[in-house]
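Beneath this line is the structure, given in structure tokens, with notes to follow.
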Amino acid sequence: MNILILAAHADDETLGCGGAIARWVREGHRVHVLFFTDGVGSRGRNSAAAKVRRRAAQAAAKILGCSIAGYGNFPDNQLDRVPLLKLAQTVERVKRKVQPEAVYTHFWGDLNIDHRRVCEAALTAFRPQPGETCRAVRAFEVASATEWGSPGAAYRPTAYVELTEADVETAVRAYGAYAQEVRADPHSRSVEAFLARRVVRGRECGVAWAEGFMVCRELIPL
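Just so you know, the sequence shown maps onto residues 56 to 277 in the numbering used here.
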């Protein structure tokens, strides 16, 4: 199966579904990631920092076993200034190449504006029309963006991907590739919190480890 991850920033793919990516790759699925921004612009435009972030993304992808389908090069934390059509067209170009059967992207209620816009672009590009190969669009959670969103848009997983301990260990190593993004405990982006979230999601569905997702749209065909 071809799986496409749409991530606003490099590290969102690992924070949101790093364990699931490790599992899918282990099972023989082809996983592709499309990034939209360099992830550093909101802290002051810095080309050197952007290059470091891109190298980190490549290192994380190598650890997880997925491929990078592209970089959008849109301004960080400013996707609300980019026309939705332009974002959707970026997705559609990759869509034609990858032809995914499942898409994973950001939650529509995240605090981060880039996350919300990428979710909109995903839902636009993968409208359920005749001939569409994508059967499911699901939203992942990103620490310090999803739980800080509006209380009226609470994240409640409706689907879970069970993980092995090895899947989680692979995800932790991939997260470690983003050394500049990892925070000290008790920050929600610490390694301890990364592990705890997967323990909690696992307990919610009766297993040791899991990552949770919300179903945006799904078709179960004949």
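The beta carbon of each residue, even a glycine, is placed where N, CA and C say it ideally should be.
Report task. Pick out the complete alpha helix (DSSP H) segments inside the stretch 107-156, 4 residues or longer, and give them in chain order. Result -> Fully enclosed alpha helix (DSSP H) runs of 4 or longer: 139-153.
Report task. Ignore the nearest five residues each way along the sequence and tell me which others in residue 225's own chain have a CB closer than 7 Å to its CB. Result -> Cβ neighbours of residue 225 beyond the five flanking positions: 77, 118, 119.
Query raised in the report: Looking at the structure shown, is residue 89 part of a helix, part of a strand, or coil, going by DSSP?
Result: Three-state result, residue 89: strand.
Query raised in the report: Can residue 149 and residue 59 be called in contact, C-beta distance under 8 Å?
Result: In this structure, residue 149 lies near residue 59, with their beta-carbon atoms less than 8 Å apart.
Query raised in the report: If you compare alpha carbons, which of 180, 75, 218, 157 is closest to residue 270?
Result: Restricting attention to 180, 75, 218, 157, the CA atom closest to the CA of residue 270 is found in 157.
Query raised in the report: In three-state DSSP terms, what is residue 271?
Result: Three-state DSSP puts residue 271 in a strand.
Query - residue 195 in three-state terms, based on DSSP - result: DSSP, read as helix, strand or coil, puts residue 195 in strand.
Requested in this report: Pick out whichever of 215, 200, 102, 217 has its Cα sitting closest to the Cα of residue 209.
Outcome: Measuring C-alpha to C-alpha distances from residue 209 to each of 215, 200, 102, 217 identifies 200 as the nearest.
Requested in this report: Less than 8 Å between the CB atoms is what I'm expecting for residue 69 and residue 115, so what's the real figure, rounded?
Outcome: Contact between residue 69 and residue 115 holds: their C-beta atoms lie close to 5 Å from each other, under 8 Å.
**Report entry** Beta-carbon spacing of residue 61, residue 177 below 8 Å
**Finding:** Taking 8 Å as the cut-off, the beta carbon of residue 61 is found closer than this to the beta carbon of residue 177.
Report task. Compare the Cα-Cα distances from residue 91 to each of 259, 262, 246, 171 and report the closest residue. Result -> Scanning 259, 262, 246, 171 for the CA closest to the CA of residue 91 turns up 171.
Query raised in the report: What distance in whole Å lies between the Cβ atoms of residue 274 and residue 211, which are believed to be in contact at a cut-off of 8 Å?
Result: Contact flag wrong, Cβ pair sits at about 21 Å.
Query raised in the report: Just reading off the alpha helix (DSSP H) that residue 95 is part of, what are its end residues?
Result: Taken as a continuous stretch (DSSP letters only), residue 95 belongs to no alpha helix (DSSP H), as it is neither H nor E.
Query raised in the report: According to DSSP, which residues form a beta bridge with residue 168?
Result: Looking at the DSSP assignment, residue 168 forms no beta bridge with any residue, so it has no partner.
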